[in-house]
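Trainee:
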Amino acid sequence: MKLKEIMKIIEEKYPVNLAESWDNVGLMVGDPNQEIKKVLVSIEANEAIIQEAKKEQADLIITHHPFIFKGMKRITTNDFKGRMIHTLIQNGIAVYSMHTNFDIAKDGLNDYFMEVIGLEYTKILDVTSKETLFKIVVYAPKSHEEAVREALAKAGAGAMGNYSDCTYHLDGKGHFKPLDGANPYIGAVGDLETVEEVRIECTVRKEFLDAAIQSMLAVHPYETVAYDVIQLQNTGEEDGIGRIADLPNEMSLEQIAKLVKEKLSMNAIRVVGDLSHPIKKVAVVTGSGADYIRTSMRNGADVLITGDLKYHEAQDAVDAGMCLIDCNHFESENIFKDVMKRFLESKLSVSVTSSQININPFTIL
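Using my numbering, read the sequence shown as starting at 2 and increasing by one per residue.
#1: Please give the ranges of any beta strand (DSSP E) in the region 172 to 223, keeping only runs that are unbroken, at least 3 residues long and fully inside the region.
#2: Please report the straight-line C-alpha distance between Leu89 and Arg75, rounded to a whole angstrom.
#3: With Asp127 and Gly237 assumed to form a contact (beta carbons below 8 angstroms), what rounded beta-carbon distance in angstroms separates them?
#4: Tell me where the beta strand (DSSP E) around Arg271 begins and ends.
#5: At a cut of 8 angstroms, does the region 22 to 34 reach the region 92 to 111 through at least three beta carbon pairs?
#6: So for Lys136, helix, strand or coil by DSSP?
#7: For the structure I just gave you, are there three or more beta carbon pairs, one from the region 178 to 192 and one from the region 153 to 162, closer than 8 angstroms?
#8: Quick check: the region 76 to 86 against the region 53 to 60, are there 3 or more CB pairs under 8 angstroms?
#9: Can you tell me where the alpha helix (DSSP H) holding Arg299 begins and where it ends?
#10: When you compare the CB positions of Asn25 and Phe70, do they come within less than 8 angstroms of one another, or not?
#11: Excluding five sequence neighbours on each side, which residues of the same chain lie with their C-beta closer than 6 angstroms to the C-beta of Met2?
#12: Tell me, which residues are paired with Cys324 by DSSP?
#13: In chain order, what residues of the same chain lie with their CB nearer than 6 angstroms to the CB of Asp68, ignoring the 5 residues before and after it?
#14: Among Gln256, Arg200 and Ala154, whose alpha-carbon lies nearest the alpha-carbon of Arg210?
#15: Taking 8 angstroms as the cut-off, does the region 134 to 146 touch the region 316 to 335 (at least 3 CB pairs, one atom from each stretch)?
#16: Contact defined as beta carbons within less than 8 angstroms: I believe Asn300 pairs with Ile365. What is the distance between those atoms, to the nearest angstrom?
#17: Within the same chain, show all residues whose beta-carbon is closer than 6 angstroms to that of Ala20, passing over the 5 residues directly before and after it, in chain order.
#18: Measuring alpha carbon to alpha carbon, tell me which of Gly274, Asp247, Pro249 and Asp166 ends up nearest Ala258.
#19: When we look at the beta-carbon of Gly288 and count the other beta-carbons within 10 Å, is it buried (16 or more) or exposed?
#20: Which runs of the beta strand (DSSP E) at least 3 residues long sit entirely within the region 52 to 79? Give them in chain order.
#21: Near Glu123, what residues of its chain come up, given a Cβ to Cβ distance below 6 angstroms and the 5 sequence neighbours on each side ignored?
#22: If I measure Cβ to Cβ from Leu248 and keep anything under 8 angstroms in the same chain, skipping five residues before and after, which residues do I get?
#23: If you compare alpha carbons, which of Lys5, Trp23 and Ile51 is closest to Ile358?
#24: From the DSSP output, in three-state form, read off Val96 for me.
#25: If you drop the 5 nearest sequence neighbours on each side, which residues of the same chain put their C-beta closer than 6 angstroms to that of Val196?
#26: Might you give, ordered along the chain, the residues of its own chain that have their beta carbon closer than 6 angstroms to the beta carbon of Thr307, omitting 5 neighbours on each side?
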């Protein structure tokens, strides 16, 4: 299976355009036309992971953290990053990274974190983007109603939530007079023509708009097609950072902290707040989420579960009456391996394995 085919499958589910502007996602090292036989999934790529890929004969490493984040002026073996890139190229190993786009996307890291700790019916904590929707209205002769409808649907129009092929049809009559130079599908030059027509309406996401129009025009029989494109005030799917959910049953701060500790197989966990404080609503931001403490409070969360908390951030939370659970950056994101392996195995025809190397830089004594 070619690398570019794997990338297409990944990016259809986790679009790179969802990534934050400061981020770097996508193909870091490699040839899109390379044949891939085995994939290794890891939270990031370092010397140990690259050696593991060589041992496992993996020709693609998929990471959460960007393998190349800051700009590089040169690639030489005198630099640790340069040595790794040199080793990757020498051994024909590609690296693909998916970071904040995977955090933000539906069924990404934050959704999976909620799944791991047993919470359902989650909502986005901080919405970062909303889909722009358009309505396509086209008039076609009855004879081509199904052809036009199918062309729109195949190009992505008419998709609403968990439904596809959503269109509205209204029968009517169309009037037109072909003028000199016209080559009419129906009628004759100079004659006023009346045709039994159908008005077809459907919504379409902005990213599919051009393709839907071109697909419709390709099957429409008229020389000049009458159609409207209307931008809608209502929006489509939302994307954003973090998730928030109600607990099925109230728990204490201590109980929810112990649950997270158990599910993430942690030796220790840091907690901010009264351990007996009742928790009804939980917010989660994987990685470093201290910037979302106030957002969590505004959304009614009793606790924010995240990582990389600093002393003053914790002290401010105490003063504000907000509870925090710090499950560390690594532990909150190392579950990337599990969810990404599950996704890839359901979509790819190549072998997929998770890294078995513990690359957490911290040791708790």
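All C-beta atoms, glycine included, are put in the ideal place defined by N, C-alpha and C.
This structure is a prediction, so every number in the text was calculated from the model and none was measured.
Mentor: In terms of the structure at hand:
#1: 194 to 206
#2: 16 angstroms
#3: With a Cβ gap of about 18 angstroms, Asp127 and Gly237 do not count as contacting.
#4: Arg271 to Val273
#5: yes
#6: strand
#7: no
#8: no
#9: Ile294 to Arg299
#10: yes
#11: Ile37, Ser350 and Val351
#12: Val304
#13: Per the sequence presented here, residue 68 reads as Phe, with Asp not at that position. Excluding positions up to five away in sequence, the list reads Met29, Ala46, Val96 and Ser98.
#14: Here the sequence assigns Leu to residue 210, which means Arg is not the residue at that position. The candidate whose alpha carbon is nearest that of Leu210 is Ala154.
#15: no
#16: Asn300 to Ile365, Cβ: 31 angstroms. No contact.
#17: Val26, Thr101 and Asn102
#18: Gly274
#19: buried
#20: 61 to 64
#21: The identity of residue 123 in the sequence shown is Thr, whereas the question assumes Glu. Answer for Thr123: Met115, Arg244 and Ala246, listed in chain order.
#22: Leu120, Ile257, Ile280, Lys281, Lys282 and Val283
#23: Ile51
#24: strand
#25: Pro142, Gly175 and Ile187
#26: Val286 and Gly290
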